[in-house]
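Enquirer: Residue numbers for the sequence shown follow our numbering, so the first one is 1246 and each next one is one higher. Glycine residues also receive a C-beta, built at the ideal position from the N, C-alpha and C atoms.
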Amino acid sequence: MAVEMGMDAHANEAANRAIRARLETFVQRAGLDEHYAAYPEVRPSLAQTAQALAEIDQDSLADQPELIEQAAREVVKAKPRADADDVLLWAASLRAHQWSSTPARKDRA
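This is the structure we're talking about:
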């Protein structure tokens, strides 16, 4: 498909690029894991990672770090291996619930 779309000249080239990208990701992750093993104090918390993701994505949750912190604490109770995306989804749910349960919103319903 990459060849048909003009992204690569040959199927072999497309396969090589895909394998190279996977290897680079693997090596970077392994290096980062090794660094965190040697210096565990520098590993960002789940909330910090979610905050950074919100800022990178220009998500409006980036302006609510306390909500992200709360979501990070709560989401791991339901999903112990939660990641930053899970935290942001949980935070968005918390925000929606807070928004919908305010007295002004109930009066309009």
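Within 8 angstroms, do at least three Cβ pairs link the region 1297-1311 to the region 1257-1271?
Expert: Flag = no, the region 1257-1271 and the region 1297-1311 do not touch.
Enquirer: Kindly indicate which three-state DSSP category A1354 falls into: helix, strand or coil?
Expert: Taking the first residue of the sequence shown as 1, we reach residue 1354 at position 109. Since pLDDT at A1354 reaches only 49, below the 50 mark, its modelled position is unreliable, and the value read off the structure follows with that caveat. Coil at A1354, not helix or strand.
Enquirer: Tell me the rounded alpha-carbon separation between P1285 and R1262.
Expert: Within the sequence shown, residue 1285 is the residue found at index 40, counting from 1. Within the sequence shown, residue 1262 is the residue found at index 17, counting from 1. Approximately 33 angstroms, taken between the alpha carbons.
Enquirer: What do you get for I1264, buried or exposed, if any count of 16 or more other CB atoms within 10 angstroms of its CB means buried?
Expert: Reading the sequence shown from its first residue, position 19 is the one you call residue 1264. Classification for I1264: exposed.
Enquirer: Let me know if A1260 comes out buried or exposed under the rule of 16 or more other beta-carbons within 10 Å of its beta-carbon.
Expert: Residue mapping note: residue 1260 aligns to position 15 of the sequence shown, counting from 1. By the neighbour-count rule (16 or more Cβ atoms within 10 Å), A1260 is not buried but exposed.
Enquirer: Grouping DSSP H, G and I as helix and E and B as strand, with all else coil, what is H1255?
Expert: On the sequence shown, position 10 is the one that residue 1255 refers to. The answer is coil: DSSP assigns H1255 none of H, G, I, E or B.
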